[in-house]
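*Asks:* Going from the sequence shown to this note's numbering is simple: count from 1 and add 3. Backbone N, C-alpha and C fix where the C-beta goes; we use that ideal spot for every residue, glycine too. From a predicted model like this one, the values you see are computed outputs, not experimental measurements. Submitted below is the structure of interest, expressed as structure tokens.
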Amino acid sequence: MPMSADSRPAAVHLAHEAPFDLGSLHVRPSTRQVMIAGVPETIEPRIMEVLVALARRRSEVVSRDDLLAACWRGRAVGEDAINRCISGVRRLAKASGGFSVTTIARVGYRLDASRESMVEPVVLAVLAFDNLSGDPQMAYFSDGVSEEILQAVARGAGLKVIGRGSSFQFRGPDKAAAKVGAALRATHVLDGAVRRSGGQVRISASLIECAGETTLWSDRFDRQLSDVFALQDEIAAAVAAALKVAFAPLVPAETIDPAALDLYLKALEIRNQRGLLDATTIGEIIGLLQAATRLAPRFVRAWVFLATVQVEQLRFQEDEPRPRTGVTRADVVAVAQAALALDQGAGGAYQALGQLEAFGRFAERDAFHAKALAAAPNDPTVLTNASLFYAEVGRIEDAIDLARQAYDLDPMYPWAANWYLTILDFAGRGYVERAQWASLCERWPDNQLILWGALCFAAERPQSPWFDDLVAEARERELDAPVFRHTIGYGKRLRAADPSRRTPYLQNARKTLAEEGALPLWVFTTLCRFGFIEETFDLIDQASFAFMFDPDLPSPNGATGPALIFSVIHNAPMMHDPRFVRLCAKLGLCAYWLETGRWPDCAASAPYDFKAEARRLAIRAGEAGGQPATA
């Protein structure tokens, strides 16, 4: 679309960009994929953003300043950064022959291609099929079948499919296609009904175009319960055919023991209804999934789900005292490999394996996330987990992009919604307001994760009385998990009129360090936020970070790992001190940045030569035997 000379170019957010064609090149910005001669290729985020920015204004000159504003959000970057991205775009042009990029000397660039090549995107909402089994307790079964159809369409047809957290909110009279389309920005709706009787299942389904509420396809299927997954692929293929897109299931359809299917769908129901999962709940889910996989050894979805919850219990549970789960690293490896042996596209299995790596082995973890994103680029959980990792290594803008994609795919999925607002707040640009968190709390009044996220947001704003209201709600609901206790105590100390009330926190940190030799990373950011800058760096120098490099130790930092140290809201004073890089070196981050060349966002904004200091410390560590500085 042409822009006036004084208009500011809109930032490129890949999750919100529609697919388009440039000659023979098919571009899917939301998944960062292009199709060249029918072969998919995943493109670096910044190269894809530059391609989108140029394609938006094809046949017009786009200045370098406009590219900086749209793709780098106005951040200062060197000429080589733009040149590298333009070279990447030109490589695609050469490979596809569908367009060209011309340099306009001392001005910018122009992309030339036919405007007629643009295509309108299809956005599909798969609704929760109605339960017609005559037993309200069978709702978990119809919901589970609906979710599996959703996954089959998303994977096999490569369409943008709204996540279940959003589309399953619409039930009964709210299922009108026009209403769903307006609420979720969907172009099409897939709805239906499920009737189960003994070993038989009947599924009816209809594909409806939202704007005109026109039925494009409908059918009814009667099958044995053991053939339900083959039926789901059959429905997905029919939907793809009606939408005139290709469908390619990645693995042969499974024939599943009906009892195993019941166990799996019950485990899904427990996960989807509860927020923060404690050890008891995770243990319940693990038991159901272990039984399911024993009954159905080729049940890929159950293996992936089992690997995910096992690694959660093994590596991230914060119950006090930590339960003896019986789950081992070998268990998780065996389960994840069982899934991948059946389906190399099982993105969640790659991420489970990555979570077994020592937390400081960032390059190895990065590789697992890359495999997961390539295998499941439209999975909100995979996107959210990868976003968490990007935040851990300081790539906050990249983390925001992935979180935005996950939220755009499934804005009513609590895990994705919570993290999206959290990472926006980390950037410290006033993106997030109380009303946004209040909206999530209203949407999910019983979800502990959302309440905790809102509590974290309110705790950082000492002038807001909302914090006290949320504390009262948490206590009324008897929420006493460690994350609630830590956050409430933090917020109260931050609000204290007398700063001396924060001193006991410092004293306790010193005592813990003397007794245990280590501290969780959030203790350092808390001390920094309380104003104990010099004391914080003294503690960092004394502390061991061996837990970052021992794969058998659970995280003392919560699921976000080192991400908190890159939060402008929590840790700006520390990041602006050159000694901050010493902490990064101790965590293994400097070695990762040098190895990959993927520097954190703070490297460009630090009031000192961040990269030079990181190189110096990494070289020193190498001379000492290659081990991170964990003194």
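Measure the beta-carbon distance from F144 to L234 and round it to whole angstroms, keeping in mind my assumption that it falls under 8 Å.
*Replies:* At roughly 14 Å, the Cβ-Cβ gap does not stay under 8 Å, so F144 and L234 are not in contact.
*Asks:* Please classify R31: is it buried, with 16 or more other beta-carbons within 10 angstroms of its beta-carbon, or exposed?
*Replies:* buried
*Asks:* Quick one: using the 10 Å Cβ neighbour count with 16 as the cut-off for buried, is R532 buried or exposed?
*Replies:* buried
*Asks:* Look up I107 in the DSSP assignment and say whether it is helix, strand or coil.
*Replies:* strand
*Asks:* Only counting the same chain, and skipping five residues up and downstream in sequence, which positions put a Cβ closer than 6 Å to that of R205?
*Replies:* R198 and D225
*Asks:* Helix or strand or just coil, what does DSSP make of D222?
*Replies:* Secondary structure of D222 (DSSP, three-state): strand.
*Asks:* Let me know the secondary structure DSSP gives H489 once reduced to three states.
*Replies:* helix
*Asks:* Can you give the beta carbon distance from I568 to T528, rounded, assuming they're within the 8 Å contact cut?
*Replies:* 6 Å
*Asks:* Can L271 and A310 be called in contact, C-beta distance under 9 Å?
*Replies:* no
*Asks:* Please report how far the alpha carbon of R478 lies from the alpha carbon of L25, in whole angstroms.
*Replies:* 57 Å
*Asks:* Give the DSSP-derived three-state secondary structure of K247 in the structure shown.
*Replies:* coil
*Asks:* Under DSSP, the alpha helix (DSSP H) around E519 begins and ends at which residues?
*Replies:* T506 to E519
*Asks:* Thinking C-beta only, is I536 closer than 9 Å to M577?
*Replies:* yes
*Asks:* Contact defined as beta carbons within less than 8 Å: I believe L473 pairs with A457. What is the distance between those atoms, to the nearest angstrom?
*Replies:* 6 Å
*Asks:* With distances taken between CB atoms, is the gap from A342 to A349 smaller than 9 Å?
*Replies:* yes
*Asks:* What would DSSP say about G431, mapped onto helix, strand or coil?
*Replies:* coil
*Asks:* DSSP on R87, reduced to helix/strand/coil?
*Replies:* helix
*Asks:* Distance check for A299 and L424, CA to CA, integer angstroms please.
*Replies:* One C-alpha to the other measures close to 39 Å.
*Asks:* How is S547 classed by DSSP in three states: helix, strand or coil?
*Replies:* coil
*Asks:* Check whether the stretch 392-399 and the stretch 583-603 touch, using three or more Cβ-Cβ pairs below 8 Å as the test.
*Replies:* yes
*Asks:* Where are the alpha helix (DSSP H) runs, 4 residues long or more, that stay fully inside the stretch 559-624, in chain order?
*Replies:* 571-578, 583-590, 592-599 and 605-608
*Asks:* Unbroken alpha helix (DSSP H) runs of length 4 or more, entirely within the stretch 317-364: which are they?
*Replies:* 332-345 and 350-359
*Asks:* Kindly indicate the opening and closing residues of the alpha helix (DSSP H) around A402.
*Replies:* I399 to L412
*Asks:* Taking C-alpha atoms, which residue in A588, L586 and P581 lies nearest to Y611?
*Replies:* Ranking the options by Cα distance to Y611, first place goes to P581.
*Asks:* Closest to A419 by CA distance: which of N381, G431 and A430 is it?
*Replies:* N381
*Asks:* Going by the CB atoms, is the gap between A98 and I165 shorter than 9 Å?
*Replies:* no
*Asks:* In the structure shown, what three-state DSSP assignment does P557 receive?
*Replies:* coil
*Asks:* Is the beta carbon of V231 sitting closer than 9 Å to the one on L210?
*Replies:* no
*Asks:* Output yes or no for whether 9 Å exceeds the beta carbon distance between H573 and F429.
*Replies:* yes
*Asks:* Would you call K514 buried or exposed, if buried means 16 or more other Cβ atoms sit within 10 Å of its Cβ?
*Replies:* exposed
*Asks:* Please determine if the stretch 212-219 and the stretch 178-189 are in contact, where contact requires at least 3 C-beta pairs separated by less than 8 Å.
*Replies:* yes
*Asks:* For A632, does the three-state DSSP call read helix, strand or coil?
*Replies:* Its pLDDT being 45, under 50, A632 is placed unreliably in this model, and the value from its coordinates should be taken loosely. Coil.
*Asks:* Consult DSSP for M415 and reduce its assignment to one of helix, strand or coil.
*Replies:* Coil, per DSSP.
*Asks:* Which value, in whole angstroms, describes the spacing of the CA atoms of P507 and Y493?
*Replies:* 12 Å
*Asks:* So, with DSSP's three-state summary, where would you put N421?
*Replies:* helix
*Asks:* Short check: CB of G201 to CB of V192, under 9 Å?
*Replies:* no
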